[in-house]
Amino acid sequence: MSLIFSTEEGWIISHLKYLNNIYTNVKNDNTQCKLIFNEILFDINSQYLRQNQTIQSEQQEGISLQCKTKKRKRLKLLPDEDLKEINYIKKTFNKIISIVKTEGLFSTNVSSDNNEAARLISQKFYQDTFCNKEENFYGCNDMEVAVTSELKEKRYVFPQKCKFYCYDVRDIANKLGLNNQYDFILLDPPWWNKSIRRKKTKYSQASYKMMYNEELAKIPIGKLLCSNGIVAIWCTNAPSHLHSIFNDIFPSWGVTYRAKWYWVKITQGGNTICNFNFTPGKQPYELLVLGSVLHGNEINIPNGKLLISIPSAVHSHKPPLTEVMKDYLPNEPRCLEIFARYLLPKWTSWGLEVLKFQHLSLYTMIQETKETQNNTNTDVNKLIN
Numbered sequence: 000m001s002l003i004f005s006t007e008e009g010w011i012i013s014h015l016k017y018l019n020n021i022y023t024n025v026k027n028d029n030t031q032c033k034l035i036f037n038e039i040l041f042d043i044n045s046q047y048l049r050q051n052q053t054i055q056s057e058q059q060e061g062i063s064l065q066c067k068t069k070k071r072k073r074l075k076l077l078p079d080e081d082l083k084e085i086n087y088i089k090k091t092f093n094k095i096i097s098i099v100k101t102e103g104l105f106s107t108n109v110s111s112d113n114n115e116a117a118r119l120i121s122q123k124f125y126q127d128t129f130c131n132k133e134e135n136f137y138g139c140n141d142m143e144v145a146v147t148s149e150l151k152e153k154r155y156v157f158p159q160k161c162k163f164y165c166y167d168v169r170d171i172a173n174k175l176g177l178n179n180q181y182d183f184i185l186l187d188p189p190w191w192n193k194s195i196r197r198k199k200t201k202y203s204q205a206s207y208k209m210m211y212n213e214e215l216a217k218i219p220i221g222k223l224l225c226s227n228g229i230v231a232i233w234c235t236n237a238p239s240h241l242h243s244i245f246n247d248i249f250p251s252w253g254v255t256y257r258a259k260w261y262w263v264k265i266t267q268g269g270n271t272i273c274n275f276n277f278t279p280g281k282q283p284y285e286l287l288v289l290g291s292v293l294h295g296n297e298i299n300i301p302n303g304k305l306l307i308s309i310p311s312a313v314h315s316h317k318p319p320l321t322e323v324m325k326d327y328l329p330n331e332p333r334c335l336e337i338f339a340r341y342l343l344p345k346w347t348s349w350g351l352e353v354l355k356f357q358h359l360s361l362y363t364m365i366q367e368t369k370e371t372q373n374n375t376n377t378d379v380n381k382l383i384n
């Protein structure tokens, strides 16, 4: 549903295509419809530049190349190990993307405007969905099709066979059975980050509650993961967080490291959203660190895979992993996402923003004339607890 291209080195994923595919058959009261996600959020047409960077770039057009070169020379290069990793990602990315561009899978006529439309709708989305009040609730959709329903006086869509919990992660032991039931656990932690901390004072809609690494290590993953289970954790490029995963978090969970994958973010034209940086600074990729139970059967997860996709303009709207993980999981895996921000079919999702991307304002509804069986109300009641 989401894979555009697949090779031994990795995959190209369409997050937008995935969202549209899981909502082709939706029960809306007593009628059938399909939902189309707002594609403007994926209208990433150029590399991201902050406003001050754009102004600075215009002002520096007359500066000589020699001056710019001298400035760069004063910057300290990253450690050799990091440089080796960046060169690998860049080389592998160029190999994959050159094949895909040859096959014409990316547009060559993209108008660049620093992603203005995506930025504006993203900002509006933050403003419309931000709420200081914490809500505690849980629910599920037991049906084989997606359904729409009202919850907390707002209208949402719920994918098929999903469960969700809107609670603080510290309550997970009180709400989920700790009986090693999940084949795959995915986490997107709110890592402690100075930039996000500044946003909490400047622009609260773009911020979220951060957690210290010591708190993450206390999540009872070892009691939730089955004996052959896999855990994957999204991680920033901060060395301190990666060090904590290897030396504190994974050992605390009873998990051993297996592989590191790279989510490379691209524009609609197939270029990275920023340049690869060989000095300390922003990179066009994030990390996905994978591990498995220490005493489970040996799981062969290849290292160094690339996940390439056009990112959503909304922070932490990660691409789906359902299809890329299927070769490493059972046929009907039991999957759990912690710190989830949207729901997935047949998954259990946990997080304070678990319905963030389920609001119907993000979708265009295409109504069908076909009527469905009048049993929606029975299942909708299960959504509200």
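With numbering that gives the first Met the number 0, the residue at position 248 of the sequence shown is 247, and numbering never jumps. A virtual CB, placed ideally from N, CA and C, is assigned to each residue, including glycine.
Asked, Found
"Cβ neighbour criterion (16 or more within 10 Å) applied to H14", "buried"
"Collapsed DSSP secondary structure at E57 in the structure displayed", "With a pLDDT of 42 at E57, under the threshold of 50, the modelled position of that residue is not reliable, and the figure given next carries that caveat. It is helical."
"Where the alpha helix (DSSP H) containing V263 begins and where it ends", "Segment V254 to K264 is the beta strand (DSSP E) holding V263; no alpha helix (DSSP H) there."
"Exposed unless 16 or more other CB atoms sit within 10 angstroms - verdict on Y202", "Confidence at Y202 is low in this model, with a pLDDT of 42, below 50, so the placement of that residue should be treated as unreliable; the coordinate-derived value is given next. It counts as exposed."
"Beta-carbon contacts of Y155 that lie in its chain and below 8 Å, excluding the five residues immediately before and after", "T147, S148, E149, L354, Q357, H358 and L359"
"I307, DSSP secondary structure in three states", "strand"
"Coil, strand or helix - L241 by DSSP", "helix"
"Residues near I96 by beta carbon distance below 6 Å, same chain, minus five either side", "G269"
"Start and end residues, alpha helix (DSSP H) containing K26", "Where K26 is concerned, there is no enclosing alpha helix (DSSP H), although the beta strand (DSSP E) it sits in stretches over V25 to N27."
"Beta-carbon gap between C334 and W349 smaller than 8 Å", "no"
"Simplified DSSP assignment, three categories, for K281", "coil"
"Candidates Y137, I35 and N24, of which the one nearest L351 by Cα", "Y137"
"Cβ-based burial, I265 [other Cβ within 10 Å; buried from 16]", "buried"
"Alpha helix (DSSP H) runs contained entirely in the segment 112-148, provided each spans 4 or more residues", "115-128"
"8 Å Cβ cutoff met for L287 and A231", "yes"
"Closest Cα partner of Y211 within the set L185, E367, K222 and D247", "D247"
"Unbroken alpha helix (DSSP H) run spanning G221, endpoints", "I220 to L223"
"Start-end ranges of the alpha helix (DSSP H) lying completely within the segment 164-193, minimum 4 residues", "171-174"
"Local conformation of E80 per DSSP, three classes", "helix"
"Cβ neighbours of A258 in the same chain (closer than 6 Å, five flanking residues each side left out)", "L289, I300 and N302"
"K75 burial status per 10 Å Cβ neighbour count (16 or more: buried)", "exposed"
"Beta-carbon contacts of E18 that lie in its chain and below 6 Å, excluding the five residues immediately before and after", "It is worth fixing the name first, because residue 18 is Leu in this sequence and not Glu. If we look at L18 and ignore the five residues flanking it on each side, its Cβ neighbours are F36."
"First and last residue of the uninterrupted alpha helix (DSSP H) at L335", "First-last for L335: C334 to I337, but that is the beta strand (DSSP E), not the alpha helix (DSSP H)."
"DSSP state of I385 mapped onto helix, strand, coil", "What the structure shows of the chain is the stretch from 0 to 384, and residue 385 is not part of that stretch, so it cannot be assessed."
"Among A312, I11 and E84, the one whose alpha carbon lies nearest that of N236", "E84"
"Reduced DSSP secondary structure (H/G/I, E/B, other) of V99", "helix"
"Extent of the continuous beta strand (DSSP E) to which C153 belongs", "The question names Cys, yet the displayed sequence has Lys at residue 153. Run containing K153: K153 to F157, per the beta strand (DSSP E) assignment."
"Other residues of its chain near L241: CB distance less than 8 Å, five sequence neighbours each side excluded", "C234, L286 and V288"
"Rounded separation between K94 and A116 - CA only", "30 Å"
"Bridge partners - T6, DSSP secondary structure assignment", "G9"
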